[in-house]
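Reading through the structure tokens given below for one structure.
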Amino acid sequence: MAHTPMSSLPPKVPPAGDTPPPAPKPPKHPTAWQLIRPYWASEKRWEGRRLLALVVALNLAVVFINVRLNAWNAGFYDALDKRNWPVFKSSLMEFAVLAFSFIVIATFRTYFRQMLEIRWRQWVTDANLSKWFTQQAYYRIERDHLADNPDQRISEDIRTLVSSSLALSLDLLTTLVSLFSFITILWTISGAVSFVLGGMNVTIPGYMVWVAALYALVGSFFIFKVGRPLVGLSYRQQQVEADFRFLLVRLRESAEQVALYRGERAELSRLTSAFGAVRDNWWQIMVVTKRLIFANSIYGQIAIVFPIVAAAPRYFAGAFTLGVLMQIIGAFGQVSDGFSWFVNSFSTLADWKATINRLREFTRVIDAPPHAPATGGIALVTTASSPSAAFTAIDLRLALPDGAPLAVAGSFAFAPGSRWLIRGRSGCGKSTMLRALAGLWPFGSGRIEVPADARVLFLSQQSYLPIDTLKAALAFPSHADAFTDDECRDVLSAVSLDSYRGELLSVAHWARRLSGGEQQRLAAARALLQKPDYLFLDEATSALDVETEEAVYEALHARLPGTTMVSVAHRETLSRFHQHTMTLHAVGDVAPPRAVGAA
Numbered sequence: 062m063a064h065t066p067m068s069s070l071p072p073k074v075p076p077a078g079d080t081p082p083p084a085p086k087p088p089k090h091p092t093a094w095q096l097i098r099p100y101w102a103s104e105k106r107w108e109g110r111r112l113l114a115l116v117v118a119l120n121l122a123v124v125f126i127n128v129r130l131n132a133w134n135a136g137f138y139d140a141l142d143k144r145n146w147p148v149f150k151s152s153l154m155e156f157a158v159l160a161f162s163f164i165v166i167a168t169f170r171t172y173f174r175q176m177l178e179i180r181w182r183q184w185v186t187d188a189n190l191s192k193w194f195t196q197q198a199y200y201r202i203e204r205d206h207l208a209d210n211p212d213q214r215i216s217e218d219i220r221t222l223v224s225s226s227l228a229l230s231l232d233l234l235t236t237l238v239s240l241f242s243f244i245t246i247l248w249t250i251s252g253a254v255s256f257v258l259g260g261m262n263v264t265i266p267g268y269m270v271w272v273a274a275l276y277a278l279v280g281s282f283f284i285f286k287v288g289r290p291l292v293g294l295s296y297r298q299q300q301v302e303a304d305f306r307f308l309l310v311r312l313r314e315s316a317e318q319v320a321l322y323r324g325e326r327a328e329l330s331r332l333t334s335a336f337g338a339v340r341d342n343w344w345q346i347m348v349v350t351k352r353l354i355f356a357n358s359i360y361g362q363i364a365i366v367f368p369i370v371a372a373a374p375r376y377f378a379g380a381f382t383l384g385v386l387m388q389i390i391g392a393f394g395q396v397s398d399g400f401s402w403f404v405n406s407f408s409t410l411a412d413w414k415a416t417i418n419r420l421r422e423f424t425r426v427i428d429a430p431p432h433a434p435a436t437g438g439i440a441l442v443t444t445a446s447s448p449s450a451a452f453t454a455i456d457l458r459l460a461l462p463d464g465a466p467l468a469v470a471g472s473f474a475f476a477p478g479s480r481w482l483i484r485g486r487s488g489c490g491k492s493t494m495l496r497a498l499a500g501l502w503p504f505g506s507g508r509i510e511v512p513a514d515a516r517v518l519f520l521s522q523q524s525y526l527p528i529d530t531l532k533a534a535l536a537f538p539s540h541a542d543a544f545t546d547d548e549c550r551d552v553l554s555a556v557s558l559d560s561y562r563g564e565l566l567s568v569a570h571w572a573r574r575l576s577g578g579e580q581q582r583l584a585a586a587r588a589l590l591q592k593p594d595y596l597f598l599d600e601a602t603s604a605l606d607v608e609t610e611e612a613v614y615e616a617l618h619a620r621l622p623g624t625t626m627v628s629v630a631h632r633e634t635l636s637r638f639h640q641h642t643m644t645l646h647a648v649g650d651v652a653p654p655r656a657v658g659a660a
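Add 61 to the 1-based position in the sequence shown for the working numbering, that's all there is to it.
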């Protein structure tokens, strides 16, 4: 074997036309309407619009029944006042019809609204999941710490966005229609009030409408001032609750490691601290909520007698009957509620606004193009496919996200069928280089050329195992149906996992059930199933003893003769399985990057 500088490969300069364009500016935060609109303009829009029209129609029917019930009040209470038994009986019959109609309409209104809600949520969830996986945004978000708790955004926040947007908008529409209807009624039956002011006769027509509007608007102003801090506090509460829940899940998943370290006290301290943030923010919510409930209670209690007091002068003057008084009280309540919509919906609006803010940030992040490093970034391009096409790097330099240089890998080519062993001290950038080859690490400079249609598989030190059947875990990332049971049993035997041959259809949390060494052997069995053109192993057998590791490599070499294999490893015993050795040095090390090839 002879030492050959990695730069001895024929120099290649990427064509000017292949220079990646400047990264586009990150998208701005979307508006609330931009979060709500997509479903209503999608391929499912007519299905959603038909359901929405049906729900709106049912809501309007409820308003109509409320108007009829308000008119019913006049006849019913006048019958009581005058002890008119025939009218009383007919009023009860009319009420029975109205009440039954209300029950039926209200029931189906809720049913169809929930149907619309789940269909809208399904579409929004699918769209966000698709964008989350596009260009591996889920990985970039975690790598660059772009957004916290994306699982909560997709699960809880989308649910709140849909349910609250639908509830608030329908309620507002119903309130406006009801407000218009009952303003007309209240204006007509309350009549005008006259008084002398400064020597002038003043007459206010439909005075109870103005009283209801003034009462509601004054109350709304004060309740808004009291409850305004709830928006920010609700946002913060969702955040700290999600952080606490994340730590609990992480402890559950890492229970064995914590137990081995006897780390209970440290984890308890960490969880207690995280819950402290939950508690402290909740105390602030309690203070604001106490004030808000106090203000709402004052507003609500006064509203019980206020319309009676306001209408009493004309009632005692004989301007209208008891039945009309009860009708005025009912209409006043409807008008007051209409003008008080903001007050009554303030808590829901606060939660909705906090949810919108979280989803605006999340949507901006998943819609953003991959982060462009300050150095210009590593260009990953595909080249024409051919039997001799190599997986090539040209002047590859690795950097940290802040632009600080990490390692100089130089230029190299992994020819078809070749076997490479990458070495270097811990922390010199070996795993980072494999991430760059996978397109997951854009920080640095240089060019990586991947043959078009090449099947590439990366095996890390700890492979992902879905909670599913063993066959699905083995076939990942392909579907379980892509391979026969016999093929799966065969590769399990090839990596000494014979004891699991009969459990292909068993569902389990395999990352917990299998030991670290068994997980690495299962990952190797994946490679035997997938038969990739390029196989990269990042310390993928580090948990195995030397004898088992050699047996796994024997199986890989025997069953994948045409596969280019690149291994990151430290053990000398693996040298015999590789034709070439690359030694990587971090920036600042004396030795330049070099490769050792067959003489």
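Glycine included, C-beta positions come from ideal geometry on N, C-alpha and C. Nothing here was measured: the structure is a model prediction, and the numbers come from that model.
Check your understanding: With which residues is Leu482 paired in a DSSP beta bridge?
Key -> Ser628 and Thr642
Practice item. Determine the burial state of Thr634: buried for a count of at least 16 other Cβ atoms within 10 Å of its Cβ, exposed for fewer. Key: exposed
Point to revise | Within the segment 442–527, ranges of the beta strand (DSSP E) (whole runs, at least 3 residues) | key: 452–460, 466–475, 480–484, 505–512 and 517–520
Check your understanding: Which full runs of the beta strand (DSSP E) of 3+ residues lie inside the segment 566–636, going along the chain?
Key -> 595–599 and 625–629
Practice item. Using the Cα positions of Met347 and Gly488, report the straight-line distance between them to the nearest angstrom. Key: 49 angstroms
Practice item. Please work out which residues of its chain come closer than 8 angstroms, Cβ to Cβ, to Ala569, disregarding the five sequence neighbours upstream and downstream, and give them in chain order. Key: Ile528 and Leu531
Review point. Any idea what DSSP makes of Ile265, helix, strand or coil?
Key: strand
Practice item. Pick helix, strand or coil for Ala647, following the three-state DSSP scheme. Key: strand
Check your understanding: If we count the other Cβ atoms within 10 Å of its Cβ and call it buried at 16 or more, is Arg340 buried or exposed?
Key -> exposed
Review point. Got a sec, what are the start and stop residues for the alpha helix (DSSP H) Thr92 sits in?
Key: First-last for Thr92: undefined, no H or E at that position.
Practice item. Reducing DSSP to helix, strand and coil, say where Ala380 ends up. Key: coil
Practice item. Check each candidate in Ser406, Leu240, Ser330 and Trp193 and name the one with the smallest Cα separation from Leu291. Key: Ser406
Check your understanding: How big is the Cα-Cα spacing for Ala364 and Ser358?
Key -> 10 angstroms
Practice item. Within 10 angstroms of the Cβ of Val366, are there 16 or more other Cβ atoms? Answer buried if so, exposed if not. Key: exposed
Point to revise | Arg289, buried or exposed, once every other Cβ within 10 Å from all chains shown has been counted against 16 | key: exposed
**Study point:** Identity of the residue in Leu96, Ala253 and Arg352 nearest Val263 by Cα
**Key:** Ala253
**Study point:** Per-residue burial, Val272 [other beta carbons within 10 Å of its own, 16 or more giving buried]
**Key:** buried
Exercise for review: Take Ser103 and list the residues in its own chain whose beta-carbon comes closer than 7 angstroms to its own, dropping the five residues that flank it on each side.
Suggested key: Trp184
Point to revise | Rounded distance between the beta-carbons of Met387 and Asn134, thought under 8 angstroms | key: 5 angstroms
Check your understanding: DSSP puts Asp529 in a beta bridge; with which residues?
Key -> Ala569
Check your understanding: Should the segment 605–625 be regarded as contacting the segment 555–563, the criterion being three or more beta carbon pairs within less than 8 angstroms?
Key -> yes
Review point. Which residue or residues does DSSP assign as beta-bridge partners of Leu153?
Key: Paired residue(s): none; Leu153 is not in a bridge.
Point to revise | Stretch-stretch touch, CB-based, cutoff 8 angstroms, three pairs: the segment 230–250 with the segment 329–336 | key: no
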